[in-house]
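**Q** Please read through the structure below; I'll follow up with questions.
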Amino acid sequence: MSDSFPEIKSKDSLVAKHVTKPVWDKLSRAVTKTSGFSLDKAIACAVQFDNQHCGIYAGDWDSYKVFADVFDPIIKEYHGITDDSIHTSDMDASKIKGNIDPAAPVHSTRIRVGRSIDGFGLSPGITKEQRVGVENLMKKAFANLKDDLAGSYFPLTGMKEDVRQQLVDDHFLFVSGDPNLKVAGMERDWPEGRGIFHNKEKTFLTWVNEEDQLRIISMQKGGDVKAVFARLATGIKAVGDSVKTESGKEFMLDGKYGYIHSCPTNLGTGMRASVHVDLPGWTKEGLATLQARCEELHLQPRGTRGESGGQTGVTYDISNKHRLGYSEVQLIQKMIDGVNTLYKEDLELKKKHGL
Amino acid sequence: MSDPFPEIKSTHSLVAKYVTKPIWEKLSRAVTKTSGFSLAQAIACAVEFDNQHCGIYAGDWDSYKVFSDVFDPLIQEYHGISADSVHTSDMDVGKINGNIDPTAPVHSTRIRVGRSIDGFGLSPGITREQRVGVENLMSKAFANLTGDLAGTYYPLTGMNEQVRQQLVDDHFLFVNGDRNLTVAGMERDWPEGRGIFHNAAKTFLLWVNEEDQTRIISMQQGGDVKGVFERLARGIKAVGDSVKAESGKEFALSEQYGYIHSCPTNLGTGMRASVHVDLPGWTKEGVDKLNARCEVLCVQPRGTRGESGGQTGCTYDISNKHRLGYSEVQLVQVMIDGVNTLWKEDQEWQKKHGM
Chain A
1 MSDSFPEIKS KDSLVAKHVT KPVWDKLSRA VTKTSGFSLD KAIACAVQFD
51 NQHCGIYAGD WDSYKVFADV FDPIIKEYHG ITDDSIHTSD MDASKIKGNI
101 DPAAPVHSTR IRVGRSIDGF GLSPGITKEQ RVGVENLMKK AFANLKDDLA
151 GSYFPLTGMK EDVRQQLVDD HFLFVSGDPN LKVAGMERDW PEGRGIFHNK
201 EKTFLTWVNE EDQLRIISMQ KGGDVKAVFA RLATGIKAVG DSVKTESGKE
251 FMLDGKYGYI HSCPTNLGTG MRASVHVDLP GWTKEGLATL QARCEELHLQ
301 PRGTRGESGG QTGVTYDISN KHRLGYSEVQ LIQKMIDGVN TLYKEDLELK
351 KKHGL
Chain B
1 MSDPFPEIKS THSLVAKYVT KPIWEKLSRA VTKTSGFSLA QAIACAVEFD
51 NQHCGIYAGD WDSYKVFSDV FDPLIQEYHG ISADSVHTSD MDVGKINGNI
101 DPTAPVHSTR IRVGRSIDGF GLSPGITREQ RVGVENLMSK AFANLTGDLA
151 GTYYPLTGMN EQVRQQLVDD HFLFVNGDRN LTVAGMERDW PEGRGIFHNA
201 AKTFLLWVNE EDQTRIISMQ QGGDVKGVFE RLARGIKAVG DSVKAESGKE
251 FALSEQYGYI HSCPTNLGTG MRASVHVDLP GWTKEGVDKL NARCEVLCVQ
301 PRGTRGESGG QTGCTYDISN KHRLGYSEVQ LVQVMIDGVN TLWKEDQEWQ
351 KKHGM
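As given, the protein sequences belong to chains A and B, one line each in that order. Residues in the first sequence are numbered consecutively from 1, following the working numbering. Residues in the second sequence are numbered consecutively from 1, following the working numbering.
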């Protein structure tokens, strides 16, 4: 028996490049043990959409191994690492030099990482039972958090609509309906098993069962990146220790690929350190020019209403572009230095455009 | 999650050579779509026994693809083929030169092939439902055989014990309890789904659901290999056509590896063409010397009570050694020529030993 080779609509994607017919013939009849995930599910986005750059997700840690013939070259090419690269994690906030210029018009700072608990599937493949299992484990784990990390878990199921909308508008909570997430299988059984934990101040939060099992988030108004990073490091450790205490299970960590996420582009640190900052000079200069400059600075500009939210006004979400091949400390430093550079250049561009 | 790397007791087996720790890490979390077969199941014999040469079985056609990192080099080494070899089938009895010397003391001639129906698992992995499905399909297919091929199907379940024992003693029927078959998973749910078809003369037979889904057999007293081969070719075609008519399904046939069998050593023609012949001269000369001579002639000597039956007396089962890398015509020719040579030499040994 064989499964017919699909037409991969995203012709310029890494999936189109690395999922050739021979690779398909070899791997299309495999499923993973943890969640029964298959190659066709992994590449669903590249098959259904024509605009994917990467186009593949993992349904569990098994996927990265069973489909290594596809994932290894894609990961290598996307992240620019070599065959013998290994991942180094460094969460020591004291190694950060300087901070964002206090004069820069930074509205807020947010740093997130993804974490996945070994033994459960990842969002595209996780079974319904496993998803509820993750939520139940996390409810117990959250109860052990103390002091400024202590808070409450709010399941999405049964959440009041106006509460949900406010959390979204205030940039705390994820939404559903992203086409990639749907096609990749990450919105199955929505909203069961999904929710958000946060402390009282909403400066330490954890998303449960969105694109990853966990997104651990530290955020606050203003531009004190060092403090946000320090809280994040403490929080990740506390959550990890608590999960270990409650279940004996650890976060999935690979010697080569770092922290395991559903999207191979998030491997490594899984860290996106961002600020919402006004760049009126750059806006006048032009979005394309800003994007090119960000490339050089190893940054990524986004809109302020989520990954697929689009750009309006002069406020940008600026974050580190890389996830793997650098430590967390190195990526934070890039973001700080990059934002400071963009701000300095924004002042010059404002002058240039008479703003 | 990972499955711990097993200790492979058959330290000199092809499995020990090709299932390295990195390969295990890559493939141990995969199962096949058709029957949910895993690498651990595939290599069970090499793990549990210390005397395997090969040590691996496939649970379905998928296994050969999903675990190709193991099967491909193993098949190439065992069969002495190259990575770009293709299989050629030739069942044209008109191409056979000569026949076995009529004066040779041949008791009987038997030629078998294995055939697997695409869409069902292979014996080590086949699910219970699939096994019954194969039996039901074959029962229907047998009813379409005509002329000298027409006969009756006898399920093993409910077979009279004396009838069963007689069929075994007369070299028609398989037995159970073979340690390899048991450990490899081929005796699950025994005897359900197993049986034997044969025509009235017991010259055309078919085993259902033993080591392969079907073993198609042509046999008769005496040494008319050409006659036996002609009937086999006709019978295989008739069975294949009938299966196709009943179900739309074909025999599993790979361009590279020929007819798909559960044991990779049977790939290609899947054909074992054998005679039971007395070699008293060779017996006196010594079984070791006979073994060595057979190697040179590309034939394999066995006892006359099945593959694991052992050697007694001076009657040997002599068959072609190869399965893949040669056509059926070539292998039948090798057997005819080899037996004729052994018979000529046996007469010289008899003289030498004053018999």
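Think of the CB as a built atom: it goes at the ideal place given N, C-alpha and C, for glycine as much as any other residue.
The beta strand (DSSP E) spanning A/W190 covers which residue range?
**A** If you number the first sequence from 1, residue 190 of chain A lands on position 190. First-last for A/W190: undefined, no H or E at that position.
**Q** Which residues of chain A have a Cβ atom closer than 8 Å to the Cβ of B/E25, listed in chain order?
**A** Start at 1 with the first residue of the second sequence, and residue 25 of chain B comes out as number 25. Simply K65.
**Q** Distance check for A/D169 and A/S274, CA to CA, integer angstroms please.
**A** Numbered from 1 along the first sequence, position 274 holds the residue referred to as residue 274 of chain A. Numbered from 1 along the first sequence, position 169 holds the residue referred to as residue 169 of chain A. Rounded to the nearest angstrom, the two C-alpha atoms are 17 Å apart.
**Q** Whole angstroms is fine: what's the gap from B/S274's alpha carbon to B/L206's?
**A** Within the second sequence, numbered from 1, the residue matching residue 274 of chain B stands at position 274. Within the second sequence, numbered from 1, the residue matching residue 206 of chain B stands at position 206. Their Cα atoms are separated by approximately 16 Å.
**Q** Could you pull the DSSP bridge partners for B/S38 from this structure?
**A** Translated into the one-based positions of the second sequence, residue 38 of chain B becomes position 38. Its beta-bridge partners are B/V31.
**Q** Run down chain B in chain order and give the residues with a C-beta less than 8 Å from the C-beta of A/K26.
**A** The residue given as residue 26 of chain A occupies position 26 in the first sequence. Near A/K26 (Cβ distances below 8 Å), the residues of chain B are K65, V66, S68.
**Q** Do you know how far the Cα of B/R115 is from the Cα of B/V243?
**A** Looking up residue 243 of chain B in the second sequence gives position 243. Looking up residue 115 of chain B in the second sequence gives position 115. Rounded to the nearest angstrom, the two C-alpha atoms are 11 Å apart.
**Q** Looking at chain B, which residues of the region 91-124 of chain A have a Cβ within less than 7 Å of any of its Cβ atoms?
**A** Answer in chain order: D118, G119.
**Q** Would you say A/E32 reaches chain B, if we count a Cβ-Cβ gap shorter than 8 Å as a contact?
**A** Taking the first sequence and counting its residues from 1, the one referred to as residue 32 of chain A is at position 32. With the sequence shown as reference, residue 32 of chain A is identified as Thr, and Glu is not the correct amino acid for it. Closer than 8 Å: yes.
**Q** May I ask you to report which of helix, strand or coil DSSP gives A/V277?
**A** Sequence index remark: in the first sequence, residue 277 of chain A carries index 277 (1-based). Strand at A/V277.
**Q** Are the Cβ atoms of A/D69 and A/F37 separated by less than 8 Å?
**A** Start at 1 with the first residue of the first sequence, and residue 69 of chain A comes out as number 69. Start at 1 with the first residue of the first sequence, and residue 37 of chain A comes out as number 37. Taking 8 Å as the Cβ cut-off, A/D69 and A/F37 do not qualify as a contacting pair.
**Q** Helix, strand or coil: which one does DSSP assign to B/M219?
**A** The sequence position of residue 219 of chain B within the second sequence is 219, counting from 1. Reduced to three states, the DSSP call for B/M219 is strand.
**Q** Three or more beta-carbon pairs under 8 Å between the region 76-87 of chain A and the region 179-193 of chain A, yes or no?
**A** As far as the Cβ criterion goes, the region 76-87 of chain A does not touch the region 179-193 of chain A, which means the pair count is below three.
**Q** With burial defined as no fewer than 16 other Cβ atoms inside 10 Å of the residue's Cβ, what is the status of A/S2: buried or exposed?
**A** As a first step, residue 2 of chain A must be located in the first sequence, where it is residue number 2. Flag for A/S2 reads exposed.
**Q** Which chain A residues sit within Cβ distance under 7 Å of B/V31?
**A** Sequence index remark: in the second sequence, residue 31 of chain B carries index 31 (1-based). Going along chain A in sequence order, the residues near B/V31 (Cβ under 7 Å) are V31, K33.
**Q** At a cut of 8 Å, does the region 97-113 of chain B reach the region 336-346 of chain B through at least three beta carbon pairs?
**A** Output reads yes: the region 336-346 of chain B touches the region 97-113 of chain B.
**Q** Drop a sphere of 10 angstroms on the beta-carbon of B/V163, count the other beta-carbons inside from all chains shown, and report buried for 16 or more, exposed for fewer.
**A** As a working note, residue 163 of chain B is residue 163 in the second sequence. B/V163 should be labelled exposed.
**Q** Our contact map puts B/Q130 next to B/S35 with C-beta atoms below 8 Å; I'd like the distance itself, whole angstroms only.
**A** In the second sequence, residue 130 of chain B corresponds to position 130, counting from 1. In the second sequence, residue 35 of chain B corresponds to position 35, counting from 1. Yes, they are in contact, since the Cβ atoms of B/Q130 and B/S35 sit about 7 Å apart, within 8 Å.
**Q** Ignoring anything shorter than 4 residues or poking outside the region 6-67 of chain A, list the alpha helix (DSSP H) runs there in chain order.
**A** Fully enclosed alpha helix (DSSP H) runs of 4 or longer: 14-18, 21-27, 39-42, 44-48, 61-66.
**Q** Quick one: which residues of the region 191-209 of chain A get their C-beta closer than 9 Å to a C-beta of chain B? List them in chain order.
**A** Residues passing the 9 Å Cβ filter: none.
**Q** Does DSSP put B/H276 in a helix, a strand or coil?
**A** Residue numbering aside, residue 276 of chain B sits at position 276 when the second sequence is read from its first letter. Looking at B/H276 - three-state DSSP - the assignment turns out to be strand.
**Q** Would you say A/W282 lies against chain B (beta-carbon separation less than 8 Å)?
**A** Taking the first residue of the first sequence as 1, we reach residue 282 of chain A at position 282. Not one chain B Cβ lies under 8 Å of A/W282.
**Q** Report yes if the CB atom of B/K284 is closer than 8 Å to the CB atom of B/M355, and no otherwise.
**A** Residue 284 of chain B sits at position 284 when you count from the first residue of the second sequence. Residue 355 of chain B sits at position 355 when you count from the first residue of the second sequence. Closer than 8 Å, so yes.
**Q** Would you mind reading off the limits of the beta strand (DSSP E) that contains A/I111?
**A** Within the first sequence, numbered from 1, the residue matching residue 111 of chain A stands at position 111. 106-115 is the span of the beta strand (DSSP E), which, as asked, contains A/I111.
**Q** Using the C-alpha atoms, what's the distance from A/D90 back to A/E295?
**A** The residue given as residue 295 of chain A occupies position 295 in the first sequence. The residue given as residue 90 of chain A occupies position 90 in the first sequence. Whole-angstrom Cα-Cα distance: 24 Å.
**Q** Would you tell me roughly how many angstroms separate the C-alpha atoms of A/G80 and A/V19, rounded to the nearest one?
**A** By 1-based counting over the first sequence, the position of residue 80 of chain A is 80. By 1-based counting over the first sequence, the position of residue 19 of chain A is 19. Approximately 19 Å, taken between the alpha carbons.
**Q** Whole angstroms are fine: how far does the CA of A/G286 sit from the CA of B/S68?
**A** If you number the second sequence from 1, residue 68 of chain B lands on position 68. If you number the first sequence from 1, residue 286 of chain A lands on position 286. Taking the straight line from one Cα to the other gives about 52 Å.
**Q** Would you call the region 152-161 of chain B and the region 21-39 of chain B touching, i.e. three or more CB-CB distances under 8 Å?
**A** They do not touch, by the three-pair rule.
**Q** Identify the continuous beta strand (DSSP E) that holds A/N180 and give its terminal residues.
**A** If you number the first sequence from 1, residue 180 of chain A lands on position 180. That residue, A/N180, is in no beta strand (DSSP E); its alpha helix (DSSP H) goes 179-183.
**Q** Check the C-beta distance from B/Y18 over to B/C54 and give it rounded, since I have them as a contact under 8 Å.
**A** As a working note, residue 18 of chain B is residue 18 in the second sequence. As a working note, residue 54 of chain B is residue 54 in the second sequence. No, B/Y18 and B/C54 are not in contact; Cβ-Cβ is about 10 Å, not under 8 Å.
**Q** In angstroms, rounded to a whole number, what distance separates the CA positions of A/R272 and A/R323?
**A** Counted from its first residue, the first sequence places residue 272 of chain A at position 272. Counted from its first residue, the first sequence places residue 323 of chain A at position 323. Rounded to the nearest angstrom, the two C-alpha atoms are 7 Å apart.
**Q** Is it buried or exposed, A/A103, if we count other Cβ atoms within 10 angstroms and call 16 or more buried?
**A** Mapped onto the first sequence, residue 103 of chain A falls at position 103. The residue in question, A/A103, is exposed, as its Cβ has fewer than 16 Cβ neighbours within 10 Å.
**Q** Using a beta-carbon distance below 8 Å, is A/M1 in contact with chain E?
**A** Here the protein chains are A and B, and chain E is not one of them.
**Q** Whole angstroms are fine: how far does the CA of B/H261 sit from the CA of B/R272?
**A** Residue mapping note: residue 272 of chain B aligns to position 272 of the second sequence, counting from 1. Residue mapping note: residue 261 of chain B aligns to position 261 of the second sequence, counting from 1. Cα to Cα, the separation comes out at about 13 Å.
**Q** CB-CB under 6 Å to A/I217, same chain, minus the five flanking residues each way: which ones, in chain order?
**A** Translated into positions along the first sequence, residue 217 of chain A becomes position 217. Excluding residues within five positions, the ones whose Cβ falls inside 6 Å are R112, L205.
**Q** Based on the DSSP output, what are the partners of A/Y316 in its beta bridges?
**A** Taking the first residue of the first sequence as 1, we reach residue 316 of chain A at position 316. In DSSP, A/Y316 forms a bridge with A/V277.
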